[in-house]
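Number of protein chains: 2
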Amino acid sequence: MVRVLGIDPGLTRCGVGVVEGVPGRLGKLIAYHVVRSEPDEDISQRLLNLDRSLAELVALHQPESVAVERVFSQHNARTVMGTAQASGVAILAGARAGLPVQTYTPSEVKAAVTGSGAADKKQVTAMVTRLLRLDAPPKPADAADAIAIAICHIWRGGTRAKLEAAVRRGYR
Amino acid sequence: MVRVLGIDPGLTRCGVGVVEGVPGRLGKLIAYHVVRSEPDEDISQRLLNLDRSLAELVALHQPESVAVERVFSQHNARTVMGTAQASGVAILAGARAGLPVQTYTPSEVKAAVTGSGAADKKQVTAMVTRLLRLDAPPKPADAADAIAIAICHIWRGGTRAKLEAAVRRGYR
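The listed protein sequences derive, respectively, from chains A and B. Here the first sequence is numbered in the numbering used here, starting from 73 and rising by one per residue. Here the second sequence is numbered in the numbering used here, starting from 73 and rising by one per residue.
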């Protein structure tokens with residue numbers, strides 16, 4: 073059983089989802105949260121607010137590892153720099169808490185929860201709802217994405233652990 | 073007299089320059105430094121290393137404000153995301169120390185020290201050397217850029233202060 077804090081980085085809305093589980097089984101949703109800041113606020117205050125909120129959430133939920141979605145430059149050019157700055161602060165939040173931090177591409181996350189790297193937001197939200205046996209989809213969508221990142225990390229971590237175990241058993 | 077810590081953000085090399093001065097006069101170089109990390113290191117360790125180094129430099133040099141160069145997406149696409157993440161951590165370092173943080177575009181910085189927003193690195197280094205009456209140009213170039221950002225902030229801050237003073241004297 074592992075507890076993972078997933079982060080979908082953003083300046084205006086940063087999704088955070090905490091999931092507990094083991095690879096290949098349905099997981100358990102512990103909590104989710106969206107850290108918000110206003111676009112007309114000073115960039116340094118927005119990043120400081122994000123840093124403090126993430127530090128609080130890590131301290132509150134005590135995850136064993138942190139998973140962050142990777143940012144690509146083909147995203148909306150007007151907001152991509154802010155998203156990348158937020159992702160730097162998100163990765164730092166995990167590192168400062170002494171936790172291992174892993175990053176995943178959006179298609180790795182989609183493929184992990186829906187089976188397709190090209191899935192849309194609706195599919196991701198539907199699968200997150202099913203995989204965690206929730207009564208209703210998590211809202212807003214930023215939270216569903218963060219939860220999906222945490223699920224992706226649990227499942228992928230399992231693959232890695234199995235491979236390593238296989239290597240230890242002698243398949244070198 | 074104001075003391076400014078300028079940051080030229082980067083993951084592999086992050087330039088830091090501390091300058092003391094007043095607008096429109098030659099300034100005084102207090103210190104400069106380049107924070108380095110290896111490209112094959114884990115991203116979370118690289119950002120943690122940068123965060124710690126910047127916190128130490130801020131504590132050591134006690135600047136009154138921090139100036140950071142803005143990152144644009146037209147930069148080298150392979151490294152721009154890392155640079156943007158580093159800039160998020162740089163801005164955060166100032167904010168966490170309770171200091172005002174200002175960002176400047178590369179052309180604002182070049183124009184402030186050379187008179188031209190299209191100046192090349194050599195010109196910037198030459199002018200930084202002259203404006204601070206240094207015996208030799210600061211090396212490496214990342215440090216010269218960070219020093220130029222600090223000079224830019226001192227001079228621009230002066231313009232702003234004069235405008236505000238003029239407004240207070242009744243030019244509304």
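All C-beta atoms in this analysis are idealised placements derived from N, C-alpha and C, irrespective of residue type, glycine included. On a predicted model such as this, the values are computed, not experimentally measured, just so you know.
- For GLN117 (chain B), there is no enclosing beta strand (DSSP E); the enclosing alpha helix (DSSP H) covers residues 115 to 133.
- ASP123 (chain B) belongs to the set of residues whose beta carbon lies under 7 Å from a beta carbon in chain A.
- With respect to the 7 Å criterion, PRO135 (chain B) and LEU77 (chain B) are classified as neighbours on the basis of their beta carbons.
- Counting only residues of its own chain and dropping the five nearest sequence neighbours on each side, GLY166 (chain A) has a CB closer than 6 Å to the CB of VAL138 and VAL173.
- Among the residues facing chain B, GLY160 (chain A) is included, as its CB has a counterpart in that chain under 7 Å away.
- A Cβ-Cβ separation of about 4 Å places ALA216 (chain B) in contact with THR197 (chain B) under the 8 Å criterion.
- Distance between SER116 (chain B) and ARG241 (chain B), taken at the CA atoms: about 51 Å.
- ARG75 (chain A) is bridged by DSSP to A:GLU92.
- A check of alpha carbon separations from VAL130 (chain A) across A:GLY89, A:SER188 and A:LYS194 identifies A:GLY89 as the nearest.
- The CB of GLY99 (chain A) never comes closer than 8 Å to any CB in chain B; the least such distance is about 23 Å.
- For THR177 (chain B), the secondary structure class from DSSP, reduced to helix, strand or coil, is coil.
- GLU141 (chain B) is a Cβ neighbour of ILE221 (chain B), given a cutoff of 7 Å.
- Per DSSP, the continuous beta strand (DSSP E) segment holding ALA103 (chain B) begins and ends at 100 to 108.
- Here the C-alpha atom of ALA156 (chain A) lies approximately 24 Å from the C-alpha atom of PRO210 (chain A).
- Not flagged as an interface residue toward chain B: LEU204 (chain A), since no C-beta distance is shorter than 7 Å.
- Counting along the chain, VAL138 (chain A) sits inside the beta strand (DSSP E) bounded by residues 137 to 141.
- VAL107 (chain A) places its beta carbon less than 7 Å from that of SER125 (chain A).
- It is roughly 31 Å from the alpha-carbon of LYS194 (chain A) to the alpha-carbon of ARG150 (chain B).
- Chain-ordered, the chain B residues with CB closer than 8 Å to the CB of THR175 (chain A) read ILE115.
- Counting only residues of its own chain and dropping the five nearest sequence neighbours on each side, ARG168 (chain A) has a CB closer than 8 Å to the CB of ALA127.
- In this structure ALA158 (chain A) is in contact with CYS86 (chain A), their Cβ atoms being roughly 6 Å apart against a cut-off of 8 Å.
- For LEU164 (chain B), the C-beta contacts it makes with chain A under 9 Å involve SER116, LEU119, LEU120, LEU122, ASP123, GLN157, GLY160, VAL161 and LEU164, in order along the chain.
- Residue nearest to GLY229 (chain B) within the set B:ALA103, B:ARG118, B:VAL181 and B:LEU83 is B:VAL181 (criterion: CA-CA distance).
- Proximity of SER145 (chain B) to chain A, defined by a Cβ-Cβ separation below 7 Å, is satisfied.
- For ASP207 (chain A), the secondary structure class from DSSP, reduced to helix, strand or coil, is coil.
- Judged by their CB atoms, VAL161 (chain B) and LEU164 (chain A) are nearer to each other than the 7 Å cut-off.
- Beta-bridge analysis with DSSP links ARG85 (chain A) to A:ARG108.
- Residue burial annotation: SER109 (chain A) is buried, with at least 16 other C-beta atoms found within 10 angstroms of its C-beta.
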